[in-house]
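Working notes, beginning with the structure itself.
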Amino acid sequence: MDFELSPQQEQIKKAARQFAEEHFPDHAREMDEEEAYPHELVQRAAKQGFVGATLPQEYGGAGVDLLTSVLVAEEFNAVDPGLAGAIGSVDFGTEAILQLGTEDQQQRFLSGVAEAETITGAAISEPEAGSDVAGATCRAERDGDEFVVNGTKMWITNGTVLDHMVTLVMTDPEAEDRHDRHSLLVIPSEAEGFTANKITGKLGIRASDTAEIQLDDVRVPEENLLGEPGEGFGYIMSFFNEARIGVAAQGVGIAKGCIEMARDYATQRRQFGQPIANFQAIQFKLAEMATKAEAARLMTYKAARHCDEGQPVPEMSSKAKWYAGETAVECADECVQIHGGSGYVKEMDAERFYRDAKITEVYEGTKEIHKLIIARGLLDQIG
Ligand SMILES: Cc1cc2nc3c(=O)[nH]c(=O)nc-3n(C[C@H](O)[C@H](O)[C@H](O)COP(=O)(O)OP(=O)(O)OC[C@H]3O[C@@H](n4cnc5c(N)ncnc54)[C@H](O)[C@@H]3O)c2cc1C
501 MDFELSPQQE
511 QIKKAARQFA
521 EEHFPDHARE
531 MDEEEAYPHE
541 LVQRAAKQGF
551 VGATLPQEYG
561 GAGVDLLTSV
571 LVAEEFNAVD
581 PGLAGAIGSV
591 DFGTEAILQL
601 GTEDQQQRFL
611 SGVAEAETIT
621 GAAISEPEAG
631 SDVAGATCRA
641 ERDGDEFVVN
651 GTKMWITNGT
661 VLDHMVTLVM
671 TDPEAEDRHD
681 RHSLLVIPSE
691 AEGFTANKIT
701 GKLGIRASDT
711 AEIQLDDVRV
721 PEENLLGEPG
731 EGFGYIMSFF
741 NEARIGVAAQ
751 GVGIAKGCIE
761 MARDYATQRR
771 QFGQPIANFQ
781 AIQFKLAEMA
791 TKAEAARLMT
801 YKAARHCDEG
811 QPVPEMSSKA
821 KWYAGETAVE
831 CADECVQIHG
841 GSGYVKEMDA
851 ERFYRDAKIT
861 EVYEGTKEIH
871 KLIIARGLLD
881 QIG
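In terms of the working numbering, the sequence shown opens at residue 501 and continues consecutively.
Printed below as a string of structure tokens:
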């Protein structure tokens, strides 16, 4: 497999890093402390083409491939994971609209996203259904040419700022197979009965908006049904193949940022009359961080390439997502360790990265669920 980046990819990667270094440091600490969504920065990123870059040009996107968007996410996350998360998720859910939407639906739901005039989301999780996606009970009942939706969606990224969200709803509770009970509906936030309550007190990625969403008799026109009824579970699994690579990219970027921070600190901090980078114990930490980050990067690029070639491999997405998440957490831990006491306080970015890293092991499928997917693939090959 060719991992050589094209000149255009190199250029976009460099531009993303420049943008992040120019604009993130002014906002990162403040947005983290205030748990505030960075509206202005999101607009600025959109003007530079960093929002919804994979969207086709006819919808205002740059039409880049998934690997290119991975490169952008990596550079953004290396500078600040919270702001990177807010910018990177403006178009969350649009993958499903692109895959399943009719031309009319794509026109209605994708327009304005790349300009960040429209913010989207994907509402799958519920208070009682997280890892068990098929256990979702948010109910959509047909009433003439509308669906009436009732239920609660939990942990929804962009929940209080989004314009519409791709929502997993239960349309056929009687279906024999629990994987045939769901459908995907695009629900606008302006609909009557839609209430978003911001979730505060998050450990990390606090600039990214997260909400609990209450849906009370929300009426949604049947034109907002994506794909076929009853196929929602399968659609979400296919959506995850791509979306999880985005989280793997976050992990790779966080690891990269931690390595850079740790290296810089280790060469500048002196103990016993010399830079701590001279000590083999510190060198070993840096070497291990760099090696794991490189392995995670290659897996993530490979998983993205599979998708770009139209042949996503679920086990590969899971391997990349699990390993990149774990690597991010390990690198953030070692980064704090190398900073000693200074890494333990908010004045140093290492503290924020340590908190931000953890999410990459939780959302878009926990690491345990990814190991199950990998193991299942392996056992299926034998069976
Ligand atoms: C900041 C944030 C943003 C999020 N954004 C979104 C979003 O935009 N849209 C959305 O739909 N969801 C979102 N989520 C939800 C996220 O995807 C879920 O939190 C995640 O899938 C885990 O579900 P859960 O929290 O219900 O944990 P649970 O499923 O209850 O899991 C609890 C623990 O049990 C383990 N476990 C569960 N089942 C098994 C099993 N079969 N075998 C082994 N271990 C198991 C898990 O790995 C975990 O360690 C977000 C979450 C957070 C924190």
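Glycine is no exception: its CB is placed at the ideal position from the N, C-alpha and C atoms.
Between ligand 1 and the CB of Asn577, the shortest heavy atom gap is not smaller than 8 Å.
In the DSSP assignment, the residues bridged to Asp643 are Glu646.
Excluding its 5 nearest sequence neighbours in each direction, Lys792 has C-beta neighbours in its own chain below 6 Å: Thr827, listed in chain order. When secondary structure is reduced to three states using DSSP, Met670 falls in the strand class. The shortest C-alpha to C-alpha distance from Phe740 to any of Ser817, Thr618, Cys831, Arg639 is the one to Ser817.
Of the other Cβ atoms in all chains shown, fewer than 16 fall within 10 Å of the Cβ of Leu878; this residue is therefore exposed. Distance from the CA of Gln607 to the CA of Tyr559, rounded to the nearest whole angstrom, comes to 7 Å.
Taking the Cα positions, Asp672 is about 31 Å away from Ile745. For Gln714, the beta-bridge partners assigned by DSSP are Thr652, Thr695.
With a 10 Å radius around the Cβ and a threshold of 16 neighbouring Cβ atoms, Leu555 comes out buried. Shown here, Arg855 sits in a helix according to DSSP, grouped into three states. Judged by their CB atoms, Val570 and Val718 are not nearer to each other than the 9 Å cut-off. Going by beta carbons, Asp880 and Tyr854 fall outside the 9 Å limit. Looking at the DSSP output, His839 shares a beta bridge with no other residue. Taking all protein chains shown into account, Ala696 has 16 or more neighbouring C-beta atoms within 10 Å of its C-beta and is therefore buried. Taken through DSSP and simplified to helix, strand or coil, Ser683 comes out as strand. Its Cα nearest to that of Asp632, the residue Ile869 stands out among Ile882, Ala875, Ile869. Contact annotation: Ala520 and Leu583 have beta-carbon atoms nearer than 9 Å. Sequence-distant Cβ neighbours of Asp565 in its own chain, meaning closer than 6 Å and more than five residues away, are Asp808.
Around the CB of Pro507, fewer than 16 other CB atoms lie within 10 Å, so the residue is classed as exposed.
A straight-line Cα-Cα distance of about 20 Å links Cys831 and Val572. Here Asp532 has Gly582, Arg706, Ala707, Arg852 as same chain residues with Cβ atoms under 7 Å from its own Cβ, once five neighbours each way along the sequence are excluded. In its chain, beyond the 5 residues on either side, Leu715, Asp716, Asp717, Val718 have a beta carbon closer than 7 Å to the beta carbon of Gly693. With a cutoff of 8 Å, Gly734 does not count as near ligand 1, since its C-beta is closer than that to no heavy atom of the ligand. Taking each of Tyr537, Leu726, Thr700 in turn and checking the Cα distance to Gln599, the smallest one comes out for Leu726. When Val669, Glu504, Phe524, Thr700 are compared, the shortest CA-CA separation from Phe576 is found for Phe524.
Using a Cβ-Cβ distance cut-off of 8 Å, the region 729-736 and the region 536-547 are not in contact, since fewer than three pairs of beta carbons, one from each stretch, lie closer than that value. Only residues of its own chain outside the window of five on either side were considered, and among them Ala762, Tyr765, Ala766, Ile782, Lys785 have a CB closer than 7 Å to the CB of Ile838, listed in chain order. Secondary structure of Glu626 (DSSP, three-state): strand. If you draw a straight line from the Cα of Cys638 to the Cα of Trp655, it comes to about 14 Å. Look at Val845: its beta carbon is at least 8 Å from all of the heavy atoms in ligand 1.
Cβ neighbours of Ala634 within its own chain (closer than 8 Å, five residues either side excluded): Arg678, His679, Arg681, His682, Phe733.
Asp856 is classed as buried because its beta carbon has at least 16 other beta carbons within 10 Å across all chains shown.
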